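**Q**
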Amino acid sequence: MHPPRLSRAVRATALAFMGLGCLVSQALAGSPHEAAAPRPFSQPEPLAQELRHRMESPLVRELQVRLRHAKYLALYDVDDRYGLKTRETVRKFQKDHGLRETGVVDQATWDRLLPRSHKPTAAELGNTDVGPWFTGPGQAGYIRELQHRLRQAGHYQGAIDGEFHGATQQAISGFRARVGLPASHVMDERTWARLIAKTRNPRYAQLFDAPPASTLAQALDPRCATGRVVCISREQKRMSLVVDGRTLFTREARFARPGWESDKGEFRIWYMNSDTVSTIFGERTPMPYAIFYDGNVAIHYSDDFDQVGYEGGSHGCSQLRDYQVSKWLYEQVRVGDRVVVY
C-alpha cells in the first residue's frame, strides 16, 4: 500500500505537518560533497561487540552515522549513547531486512548495514558534516543552483558553471562561518537549509541556456494526446511531458518498491513545492521539485535513483534521476495539469 489518500481540504495541512511528501527509499552517499567520485559502500566485517540500548561507545556513534547513510536515522548530531531512538531505528532496519527485531546490533545486523553505508569520515563523526542535502557534485544542475544561491548570499563571484571547484568550496566555507557553523566546504543538510532560507530559487533560464536534451522514446497512452500532460509508463520506465500530442522530453523514471505501488490512472496536479522534505515515516528525505498529483504521491528528483538506479525504489512516488530535468519539468507544469500513469 502507499500513504493514504487525503481529501483536498486537508491535504495541505497534512503535508505541512508530515514534512510535505512521501518517503523515498534511498541509500545516499554520506558525504558526496567531499569529492566528485562516489564513496564506496562498506563490506561486511567483524563487529567488535554487540550494541544495545543504554550502551555508551564510540562504535554507537559510527552506527548512527551508518544508519543515517542508509536513510533510517534522521539525526543531525551523532553521539556515543545508544538511546531509544537508535534502538527503534535498528528494529525498523532489522524488520525491513528480514532479521529478528531485537533492537540489538549483532553480527547479522552489522553485515546487512555495512553494504548500505560508507566508512564514516572524521567530519561525520565529529558532527561537522551531518549528511548531504539532495545530491552532490555529480549533478551539475544542483551545483549551478548552489553557486547561484551562494552568489546571492554574497559569498561567490565565479561563473555559474556546475563545477565543484575551489571557488565554490571556499564560498561554502565562508557561508557556513557566517551562519555559525564550523568552517568546512561540506554543503550538508543544516547548511543547505540555512542557505535556501536566505536566498531565492533561481529560474531555470538563469542557470541553463537551453532545455535538457531528450533522446529517449516512449509509447504514449491515448489519454496523452491532448492538452499538457505528464505521461508516466511503469512498464517502459519512462516519463514524458507532452503538449497537444507533441513530446517535449522523455526521461527514465523509477517507481515504487514491491508492496508500495501507487495507483494507475488519470490525475491532476494539486500541489507543487521545490524544497519538499518528507517526514512521513520519521526520516527527513529530500524530494526536490516535487509535483504532487495523487495525495502524497509526487514526481520528484531522487539522488538515490541517480546513485543506485533500479536497485532501489520509492514508497509510491515517480522519480527522476537528473536534477536539471526535474527543475525544468517543475517550471513547465502548473497546478491543474494532468498526469497519466499507465
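In our numbering, the protein residues as written are 52 to 393.
Even glycine gets a Cβ: it sits at the ideal position worked out from N, Cα and C.
Here the structure is a predicted model, which is why all the values come from computation and not from measurement.
Three-state secondary structure (DSSP) at E286?
**A** The answer is coil: DSSP assigns E286 none of H, G, I, E or B.
**Q** Quick one: residues in its chain with C-beta nearer than 6 Å to the C-beta of E214, no 5 flanking neighbours on either side, listed in chain order?
**A** So no residue of the chain qualifies.
**Q** Rounded to whole angstroms, what is the Cα-Cα separation between P166 and V129?
**A** Approximately 20 Å, taken between the alpha carbons.
**Q** Roughly how many angstroms separate the alpha carbons of E286 and A304, rounded to a whole number?
**A** Distance between the alpha carbons of E286 and A304: 10 Å.
**Q** Considering just the uninterrupted stretch of the alpha helix (DSSP H) at Y374, what are its terminal residues?
**A** Segment 374–383, the alpha helix (DSSP H) holding Y374.
**Q** Which of helix, strand or coil does DSSP assign to Y127?
**A** Correct three-state label for Y127: coil.
**Q** How is T336 classed by DSSP in three states: helix, strand or coil?
**A** Three-state DSSP puts T336 in a strand.
**Q** What is the DSSP secondary structure of S313, counted as helix, strand or coil?
**A** S313: coil per DSSP, three-state reduction.
**Q** Please report the distance separating the alpha-carbon of E107 from that of T301.
**A** Each residue's Cα considered, the two are about 51 Å apart.
**Q** Once DSSP output is grouped into helix, strand and coil, what is the label at A261?
**A** A261 falls in the coil class under three-state DSSP.
**Q** With H, G and I counted as helix, E and B as strand and the rest as coil, what does DSSP make of L267?
**A** Coil, per DSSP.
**Q** At a cut of 8 Å, does the stretch 362–369 reach the stretch 304–313 through at least three beta carbon pairs?
**A** With the cut-off at 8 Å, the stretch 362–369 and the stretch 304–313 touch.
**Q** Cutting at 7 Å between CB atoms, please list the residues of its own chain near W379, excluding the five before and the five after it.
**A** For W379, where only same-chain residues beyond five positions count, the Cβ hits under 7 Å are Y255, P262, P263.
**Q** Bridge partners for I342 per DSSP, in chain order?
**A** Paired residue(s): M323, I350.
**Q** How would you label P97, buried or exposed, when you count the other beta carbons within 10 angstroms and need 16 or more for buried?
**A** Counting Cβ neighbours within 10 Å, P97 comes out exposed, since fewer than 16 surround it.
**Q** Closest to H47 by CA distance: which of R227, D239, A191, E240 is it?
**A** In the structure as shown, the chain begins at 52 and stops at 393. Residue 47 is therefore absent and cannot be evaluated.
**Q** Would the stretch 227–235 and the stretch 268–278 be scored as touching if the rule is three or more Cβ pairs under 8 Å?
**A** Not touching, per the Cβ criterion.
**Q** Kindly confirm or deny that the stretch 200–209 and the stretch 236–250 touch, where touching means at least three C-beta pairs closer than 8 Å.
**A** Yes: the two stretches touch, three or more of their Cβ pairs being nearer than 8 Å.
**Q** For Y207, I'd like the list of residues in its chain whose CB is within less than 6 Å of its CB, leaving aside the five on either flank, ordered along the chain.
**A** Same-chain partners within the cutoff: Q198, L201, A222.
**Q** Based on the DSSP secondary-structure assignment, which residues constitute the bridge partners of Q370?
**A** Paired residue(s): R305, H351.
**Q** Excluding sequence positions up to five away, which residues of its chain have a Cβ less than 8 Å from the Cβ of A121?
**A** Counting only Cβ-Cβ distances below 8 Å, and skipping sequence neighbours, we find A78, F144, L164, R167, S168.
**Q** By DSSP's criteria, F400 is part of a beta bridge. Which residues make up the other side?
**A** Because the chain is modelled from 52 through 393, residue 400 falls outside the range shown and cannot be assessed.
**Q** Can you grab the Cα-Cα spacing for the pair I194 / P188, in whole Å?
**A** Each residue's Cα considered, the two are about 6 Å apart.
**Q** For Q375, collect the residues of the same chain with a Cβ closer than 6 Å to its Cβ; drop the 5 residues on either side in sequence, then sort them by chain order.
**A** These residues qualify, in order along the chain: G192, P263.
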